[in-house]
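Under my numbering, think of the first position of the sequence shown as 607, with each following residue one higher.
Take a look at the structure set out below.
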Amino acid sequence: MENSEILKKFLQNLQQVPYLASKNLFKVASHFLEMEKDKAEFFCATLLKMKDCLVKCQNCFVWKEKDSDCVYCKRDQSVICVVETWQDMLAMERAVEFKGAYHILGGAISPLDGVGPENLNIGSLVERVKKNYIKEIILALNQTPEGEATAAFIANRLTQASSAQNHIIQITCLARGVPIGSSLEYLDKLTLNKALSERRPF
Ligand SMILES: [Zn+2]
């Protein structure tokens, strides 16, 4: 059975799915093989429909439906919480009573992986700061070397932009309660809530 060309092709596709451990590839393939045909068709149709209907908001970069307004951009825009990924933003939403806006960078600066500032949504953040009245930017980046380097880079760019406009923006970051090397996505609600409520100047 492992010689089946179509199975090999399917496994190759699964291998490209990040976060899926290679030891689970056959388990996942088996799950789909056992699935009733109409359920498999519904699964594929939903995946394609999601690909067609969801786009990134061009202001905050949160996924939204193509034909509807971004709910996060309707909220108070004077406080912007900057996160690395959509998953981090969802973790913040689940955990904390934050009613401001977001800005998703799309990752962190990582020269070893070939990710520079120009590959992230940093320029658009600076533009947002120039065009809107912003009181505070919360740098809620992961406490990893890449996250910290990215936060320092952004703080520098924002300070330059705000002093050029004679408008001082408060730049803060999460409290030290966030364990070193951790990703916001995996933090428990209490830790994340405390880290936000006790945030400090960057
Ligand atoms: Zn938005």
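Positions of the beta carbon are idealized from the N, C-alpha and C atoms, including for glycine.
Please read these numbers as outputs of a predicted model, since none were measured by experiment.
Asked                                                                                                                                  : Found
Please identify the residue among Tyr678, Leu764, Val721 and Gly729 whose C-alpha is closest to the C-alpha of isoleucine 857.         : Any property of residue 857 remains undetermined from this structure, which presents the chain solely from 607 to 808.
Got a sec? Which residues, its chain only, sit under 6 Å from leucine 747 by beta carbon, not counting five neighbours each side?      : Glu690, Gly753, Thr756 and Ala757
When DSSP labels each residue in this structure, what does valine 634 get in the three-state scheme?                                   : helix
Considering alanine 627, what are the terminal residues of the alpha helix (DSSP H) in which it resides?                               : Alanine 627 -> no alpha helix (DSSP H), and no H or E assigned at all.
Roughly how many whole angstroms lie between the Cα atoms of aspartate 658 and alanine 651?                                            : 11 Å
Could you check how far apart the C-beta atoms of isoleucine 686 and tyrosine 708 are, in whole angstroms? I think they sit under 8 Å. : 7 Å
Give me whichever residues DSSP pairs with isoleucine 612 in a beta bridge.                                                            : DSSP output for isoleucine 612 lists no bridge partner at all.
Roughly how many whole angstroms lie between the Cα atoms of phenylalanine 759 and serine 684?                                         : 21 Å
Report the option in Gln693, Asp682 and Pro624 whose CA atom is closest to the CA atom of lysine 705.                                  : Asp682
Nearest to alanine 635 by alpha carbon, out of Lys655, Ser610, Ser803 and Leu653?                                                      : Ser610
What does the alpha-carbon distance come out to for the pair cysteine 663 and arginine 734?                                            : 13 Å
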